[in-house]
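To keep things clear, I will list the structure first and then write my remarks on it.
Protein chains: 2
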Amino acid sequence: MTNFENRIGVKSLLDKVVTADEAAKLISDGDVVGMSGFTRAGDAKVVPMALAERAKNEKFQIDVYTGASLGPEVDKYLAEAGVIRKRGPFQADAGIRNMINAGQVTYVDAHLSHNAELVRQGIIGPIKYAILEAVAITEDGMIVPTTSVGNSNIFAEYAENIIIELNISHPETLIGIHDIYTPAEQGKRGPIPMTNPEQRIGTIGIKVDPAKIKAIVISEEPDAPSMIVPPDEETQTMANILLDFFRDEIKAGRLTNELMPLQSGVGSVANAVLDGFADSEFENLVVASEVLQDAVFNLIDAGKVRFAAAASITLTKELQEKVYGNLENYADKICLRPQEISNHPELIRRLGLISINTALELDIYGNVNSTHVSGTKMMNGIGGSGDFARNARLGIFVTKSYAKGGAISSIVPMVSHVDHTEHDVDIIVTEQGLADLRGLAPKERAAAIIENCAHPDYKEQLWDYYNRAVEATGNAQTPHILSEALSWHVSLAENKTMKKELAK
Amino acid sequence: MTNFENRIGVKSLLDKVVTADEAAKLISDGDVVGMSGFTRAGDAKVVPMALAERAKNEKFQIDVYTGASLGPEVDKYLAEAGVIRKRGPFQADAGIRNMINAGQVTYVDAHLSHNAELVRQGIIGPIKYAILEAVAITEDGMIVPTTSVGNSNIFAEYAENIIIELNISHPETLIGIHDIYTPAEQGKRGPIPMTNPEQRIGTIGIKVDPAKIKAIVISEEPDAPSMIVPPDEETQTMANILLDFFRDEIKAGRLTNELMPLQSGVGSVANAVLDGFADSEFENLVVASEVLQDAVFNLIDAGKVRFAAAASITLTKELQEKVYGNLENYADKICLRPQEISNHPELIRRLGLISINTALELDIYGNVNSTHVSGTKMMNGIGGSGDFARNARLGIFVTKSYAKGGAISSIVPMVSHVDHTEHDVDIIVTEQGLADLRGLAPKERAAAIIENCAHPDYKEQLWDYYNRAVEATGNAQTPHILSEALSWHVSLAENKTMKKELAK
Numbered sequence: 064m065t066n067f068e069n070r071i072g073v074k075s076l077l078d079k080v081v082t083a084d085e086a087a088k089l090i091s092d093g094d095v096v097g098m099s100g101f102t103r104a105g106d107a108k109v110v111p112m113a114l115a116e117r118a119k120n121e122k123f124q125i126d127v128y129t130g131a132s133l134g135p136e137v138d139k140y141l142a143e144a145g146v147i148r149k150r151g152p153f154q155a156d157a158g159i160r161n162m163i164n165a166g167q168v169t170y171v172d173a174h175l176s177h178n179a180e181l182v183r184q185g186i187i188g189p190i191k192y193a194i195l196e197a198v199a200i201t202e203d204g205m206i207v208p209t210t211s212v213g214n215s216n217i218f219a220e221y222a223e224n225i226i227i228e229l230n231i232s233h234p235e236t237l238i239g240i241h242d243i244y245t246p247a248e249q250g251k252r253g254p255i256p257m258t259n260p261e262q263r264i265g266t267i268g269i270k271v272d273p274a275k276i277k278a279i280v281i282s283e284e285p286d287a288p289s290m291i292v293p294p295d296e297e298t299q300t301m302a303n304i305l306l307d308f309f310r311d312e313i314k315a316g317r318l319t320n321e322l323m324p325l326q327s328g329v330g331s332v333a334n335a336v337l338d339g340f341a342d343s344e345f346e347n348l349v350v351a352s353e354v355l356q357d358a359v360f361n362l363i364d365a366g367k368v369r370f371a372a373a374a375s376i377t378l379t380k381e382l383q384e385k386v387y388g389n390l391e392n393y394a395d396k397i398c399l400r401p402q403e404i405s406n407h408p409e410l411i412r413r414l415g416l417i418s419i420n421t422a423l424e425l426d427i428y429g430n431v432n433s434t435h436v437s438g439t440k441m442m443n444g445i446g447g448s449g450d451f452a453r454n455a456r457l458g459i460f461v462t463k464s465y466a467k468g469g470a471i472s473s474i475v476p477m478v479s480h481v482d483h484t485e486h487d488v489d490i491i492v493t494e495q496g497l498a499d500l501r502g503l504a505p506k507e508r509a510a511a512i513i514e515n516c517a518h519p520d521y522k523e524q525l526w527d528y529y530n531r532a533v534e535a536t537g538n539a540q541t542p543h544i545l546s547e548a549l550s551w552h553v554s555l556a557e558n559k560t561m562k563k564e565l566a567k
Numbered sequence: 064m065t066n067f068e069n070r071i072g073v074k075s076l077l078d079k080v081v082t083a084d085e086a087a088k089l090i091s092d093g094d095v096v097g098m099s100g101f102t103r104a105g106d107a108k109v110v111p112m113a114l115a116e117r118a119k120n121e122k123f124q125i126d127v128y129t130g131a132s133l134g135p136e137v138d139k140y141l142a143e144a145g146v147i148r149k150r151g152p153f154q155a156d157a158g159i160r161n162m163i164n165a166g167q168v169t170y171v172d173a174h175l176s177h178n179a180e181l182v183r184q185g186i187i188g189p190i191k192y193a194i195l196e197a198v199a200i201t202e203d204g205m206i207v208p209t210t211s212v213g214n215s216n217i218f219a220e221y222a223e224n225i226i227i228e229l230n231i232s233h234p235e236t237l238i239g240i241h242d243i244y245t246p247a248e249q250g251k252r253g254p255i256p257m258t259n260p261e262q263r264i265g266t267i268g269i270k271v272d273p274a275k276i277k278a279i280v281i282s283e284e285p286d287a288p289s290m291i292v293p294p295d296e297e298t299q300t301m302a303n304i305l306l307d308f309f310r311d312e313i314k315a316g317r318l319t320n321e322l323m324p325l326q327s328g329v330g331s332v333a334n335a336v337l338d339g340f341a342d343s344e345f346e347n348l349v350v351a352s353e354v355l356q357d358a359v360f361n362l363i364d365a366g367k368v369r370f371a372a373a374a375s376i377t378l379t380k381e382l383q384e385k386v387y388g389n390l391e392n393y394a395d396k397i398c399l400r401p402q403e404i405s406n407h408p409e410l411i412r413r414l415g416l417i418s419i420n421t422a423l424e425l426d427i428y429g430n431v432n433s434t435h436v437s438g439t440k441m442m443n444g445i446g447g448s449g450d451f452a453r454n455a456r457l458g459i460f461v462t463k464s465y466a467k468g469g470a471i472s473s474i475v476p477m478v479s480h481v482d483h484t485e486h487d488v489d490i491i492v493t494e495q496g497l498a499d500l501r502g503l504a505p506k507e508r509a510a511a512i513i514e515n516c517a518h519p520d521y522k523e524q525l526w527d528y529y530n531r532a533v534e535a536t537g538n539a540q541t542p543h544i545l546s547e548a549l550s551w552h553v554s555l556a557e558n559k560t561m562k563k564e565l566a567k
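Protein chains in written order, with the working numbering: chain A, 64 to 567; chain B, 64 to 567.
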């Protein structure tokens with residue numbers, strides 16, 4: 064093991080360095096544990112693996128709350144070891160997902176900006192242990208996070224005890240990247256003093272009482288690389304459609320060439336759409352997001368993005384090497400904040416973000432399902448999409464118009480689960496086109512969505528449903544035929560397709 | 064007509080005084096018009112009536128945006144005269160409601176805090192005329208609103224022209240009640256400088272260029288009184304349940320005796336629940352709401368409420384006389400603000416509001432329908448309920464567990480329309496009991512809601528659906544049987560009851 068002592072500024076804490084197994088023994092059955100980690104970045108790794116190992120000989124369960132999704136150590140190995148009783152607020156691993164959808168793990172998916180308030184109120188908690196990955200502990204006792212901040216600041220503040228995974232595989236050049244600001248209790252707090260994402264309003268680390276740090280485990284495990292797929296022809300088309308929309312907004316005087324701070328959700332489609340800026344005329348862009356994926360660093364390199372702030376950095380293997388090996392080049396261009404800040408409605412509204420998130424399915428009136436396959440099985444979770452879509456200047460949802468080779472239409476009469484209501488969805492983009500729903504009533508929205516965004520294979524079928532619903536309800540505000548509204552999903556389950564003529 | 068000149072501080076504007084008919088002639092076919100008015104308070108009255116009169120001899124249509132609901136002048140008479148083409152963001156009048164649900168008026172219901180941003184962006188607009196009720200125009204050219212502020216400030220700022228209804232039936236003691244603060248454009252604005260609802264951050268009136276004021280019409284029409292029904296045994300029970308919950312929260316250390324600023328939605332149930340505080344031990348309460356109904360003034364009189372801020376005051380006839388006849392007694396205890404401020408996510412989150420709103424129906428997982436009867440027919444609109452529920456410290460929804468003498472269960476397997484998702488609903492109260500959903504996963508929520516809140520006549524039927532859904536989905540995250548999820552609504556339409564044994 065390479066030298067780690069210089070990364071522990073509080074020398075009395077050198078006594079706390081233990082093995083992962085020893086640290087794992089501190090956790091007791093029934094504990095509520097807060098862990099670092101957001102979109103597979105900056106998560107605790109070796110202590111969870113030691114916990115999974117310990118579970119081979121001992122039955123115990125814990126509740127695990129994190130920033131957002133983690134790598135496989137927690138959400139695959141620890142989950143499959145049967146250790147996780149309750150999990151929140153986000154996951155994106157097939158291991159724990161299958162257990163969630165079999166009733167083996169209780170999963171509370173929640174708006175990512177809400178967790179900190181729930182911790183303050185004791186709804187999440189009392190937190191017995193926070194297990195936090197750090198790149199260093201400063202001389203004045205601040206924990207410096209690694210590639211994500213997530214909820215680590217609030218976990219550190221409210222946890223009775225803290226275990227640090229000091230990960231020396233992360234470069235020390237991460238020190239100074241973070242901007243840790245934690246609001247006080249509700250009713251006792253002031254405004255968040257930020258009017259521009261480039262401002263620094265906090266500290267470079269998380270201030271804690273060193274006495275709360277009960278163990279420090281040295282780790283060299285890298286973050287699990289992100290698994291986004293590269294842009295394809297259809298996502299490129301979606302990016303082009305969106306860029307044209309921005310150009311039209313500039314012509315209409317509603318945006319300038321610098322646009323507004325950009326937020327782009329987790330995942331391949333949102334990443335691909337951002338990637339589309341690379342060959343555009345747009346410059347001097349600012350990103351204010353919850354996660355910085357590959358595209359953002361490519362845009363920084365291309366001179367398109369001036370500054371990028373988020374709660375985490377999650378990169379593919381290729382970009383990890385490039386970015387973390389040259390972090391000093393990005394140090395004045397990026398910033399990592401707690402997710403309570405990156406996703407805070409106060410800031411999203413004030414700054415006027417352009418928010419781009421992925422829909423699982425959406426309906427003809429613009430309601431969006433982000434989470435539940437056929438209304439019942441959890442995919443990942445709502446994440447920050449609600450924080451952003453509700454408060455953004457432009458709430459944009461992107462999705463391909465179809466899935467499973469055309470057996471599924473992403474646009475349905477009624478979504479099987481609602482995460483974002485008609486009131487929160489401004490713009491929809493598929494590879495077919497764009498629907499601008501701002502200021503439109505439900506029936507106007509239906510026409511725009513079906514005509515501009517639906518796949519040609521489903522357009523007639525959607526119009527047919529809509530027209531019959533208008534007729535059946537006497538042209539009511541939001542026409543539906545309730546006995547038929549979810550029939551496309553039922554048909555999918557029974558006939559493996561939403562296509563009417565094939566289902567017969 | 065009594066003396067009005069002393070209420071027009073800019074003397075050059077005395078030339079602009081015209082009749083309502085003359086003012087109404089200024090409006091042209093196709094105009095987008097912004098009108099004052101919020102929950103039947105402070106709305107323009109005589110010019111709309113003159114417009115309705117004019118429509119007898121002339122065909123023209125306009126788009127009408129307001130603060131929220133208006134009295135009958137606009138939403139009954141003007142609507143039924145066929146003048147309203149598009150209407151937003153809220154209404155609550157049977158006249159226009161029937162036209163909306165027959166496709167005769169295009170209705171855009173929206174979060175009440177969102178309108179101002181849409182005006183700034185030009186999505187609503189360009190606004191040709193703002194028609195604003197005022198109690199006075201100050202010497203420095205500020206329009207002083209009457210019993211509501213609503214969107215009047217943003218309409219005044221962005222409208223090309225302004226028509227004032229100077230309503231001399233409103234007491235001049237209203238001057239000084241208002242606190243007008245308007246954020247700058249997104250990206251160029253600072254934090255809203257309020258950390259306590261009792262602070263004043265703005266001006267007593269709306270600053271405008273007097274040259275924009277094209278007409279002043281003198282009016283003596285009082286606000287239409289609110290039509291809330293008095294508390295009954297069941298709403299009293301709901302109030303008691305909620306008070307006991309607050310007591311438990313205090314015991315748990317999550318609230319103090321002063322609670323947190325209270326928001327209570329429009330309508331009889333929410334008013335009745337607030338009324339319940341009158342005989343309680345709670346004191347020194349602060350109200351930070353969108354509307355102040357009778358209960359708030361009764362609580363001020365009873366020494367329970369220290370201060371109350373909102374975007375409007377809407378009272379029954381009895382309370383109107385009492386309050387407006389003695390406004391000087393309330394002047395230092397109340398404050399009216401723009402709805403962008405009363406409903407702003409920044410402030411709701413910062414101040415930690417306790418938010419109480421009414422559900423039309425809700426489902427076993429805690430999704431709430433606030434707007435659409437059987438998913439298709441608009442009732443009123445989402446109003447501010449989304450602004451508050453999403454950002455409040457405690458998002459509480461109240462409803463009786465049944466309607467139509469028991470033919471309808473307010474708790475259904477799946478709501479027919481979603482306005483508030485499972486992520487935004489913390490507490491549900493019916494006359495049967497309270498479900499505390501904070502930190503719970505969907506299946507935990509289902510158990511709490513069915514067991515604590517459902518009407519006994521429907522409990523078994525809900526458990527039956529839920530248990531079969533768990534079975535059918537292999538215990539998935541959110542069990543549903545999609546072919547059956549909306550069958551209760553279908554049964555209601557076909558059999559006039561949701562009760563299974565009666566429907567057979």
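Even for Gly, the Cβ is constructed at its ideal location relative to N, Cα and C. Given the structure is predicted, the values throughout are model-derived calculations rather than measurements.
Anticipated Cβ contact below 8 Å, residue i with residue j, distance rounded
i: B/Thr-379; j: A/Thr-541; result: Going by Cβ atoms, the distance from B/Thr-379 to A/Thr-541 rounds to 32 Å, so no, they are not a contact pair.
i: A/Thr-300; j: A/Glu-494; result: 5 Å
i: A/Arg-413; j: B/Gln-249; result: 7 Å
i: A/Ala-351; j: A/Gln-326; result: 6 Å
i: A/Ala-222; j: A/Thr-209; result: About 18 Å; that fails the 8 Å criterion.
i: A/Lys-270; j: A/Asn-224; result: Actually they are not in contact, since the Cβ atoms of A/Lys-270 and A/Asn-224 sit about 16 Å apart, beyond 8 Å.
Where residue i meets chain B, residues with beta-carbon distance less than 8 Å
i: A/Arg-317; result: Gln-184, Gly-185
i: A/Gln-154; result: The premise fails here: A/Gln-154 is roughly 11 Å from chain B at the closest Cβ pair, so nothing lies under 8 Å.
Residue interval of the alpha helix (DSSP H) (run including residue i)
i: B/Tyr-128; result: That residue, B/Tyr-128, is in no alpha helix (DSSP H); its beta strand (DSSP E) goes 125 to 128.
i: B/Ser-323; result: Contrary to the premise, residue 323 of chain B reads as Met rather than Ser in this sequence. Element bounds for B/Met-323: n/a, residue is neither H nor E.
i: A/Tyr-387; result: 380 to 387
Partners in chain A for residue i, counting only beta-carbon separations shorter than 7 Å
i: B/Asp-482; result: Thr-484
i: B/Gly-415; result: Gln-249, Gly-250
i: B/Thr-536; result: Thr-439
Chain-ordered chain B contacts of residue i [CB-CB under 9 Å]
i: A/Val-171; result: Gly-502, Leu-503, Ala-504, Pro-505, Glu-507
Residue range of the beta strand (DSSP E) that includes residue i
i: A/Lys-149; result: 147 to 151
i: B/Lys-277; result: 276 to 282
Contact list for residue i against chain A, beta-carbon separation under 8 Å
i: B/Pro-408; result: Pro-408, Glu-409, Arg-412, Arg-453, Asn-454
i: B/Val-553; result: Leu-545, Ser-546
i: B/Pro-34; result: Lying before the first or after the last residue shown, residue 34 of chain B is absent from chain B, which here runs from 64 to 567.
i: B/His-435; result: Gln-540, Thr-541
Proximal chain B residues relative to residue i, where beta-carbon distance stays under 7 Å
i: A/Lys-440; result: Ala-539, Gln-540
i: A/Ile-445; result: His-486
Say whether the segment 146 to 154 of chain B touches the segment 171 to 179 of chain B, bearing in mind that this needs 3 or more beta-carbon pairs closer than 8 Å, one atom from each stretch.
Here the segment 146 to 154 of chain B makes contact with the segment 171 to 179 of chain B; the two share three or more CB pairs at distances below 8 Å.
On the three-pair Cβ rule with 8 Å, is the segment 499 to 512 of chain B touching the segment 406 to 424 of chain A?
Contact annotation: the segment 499 to 512 of chain B does not touch the segment 406 to 424 of chain A, with fewer than three C-beta pairs closer than 8 Å.
The segment 135 to 142 of chain A contacting the segment 414 to 434 of chain A, beta-carbon criterion three pairs below 8 Å
No, because fewer than three Cβ pairs between the segment 135 to 142 of chain A and the segment 414 to 434 of chain A fall closer than 8 Å, the two stretches do not touch.
Could you pull out every unbroken alpha helix (DSSP H) segment of at least 4 residues lying fully inside the segment 91 to 120 of chain A, listed in chain order?
List check, alpha helix (DSSP H) in window: 109 to 117.
At a cut of 8 Å, does the segment 481 to 491 of chain B reach the segment 160 to 167 of chain A through at least three beta carbon pairs?
At 8 Å Cβ cutoff, the stretches do not touch.
Contained alpha helix (DSSP H) runs [length at least 4] in the segment 131 to 205 of chain A, N- to C-terminal order
Taking 4 residues as the minimum length, the alpha helix (DSSP H) runs contained wholly in the segment 131 to 205 of chain A are 157 to 163, 178 to 183, in order along the chain.
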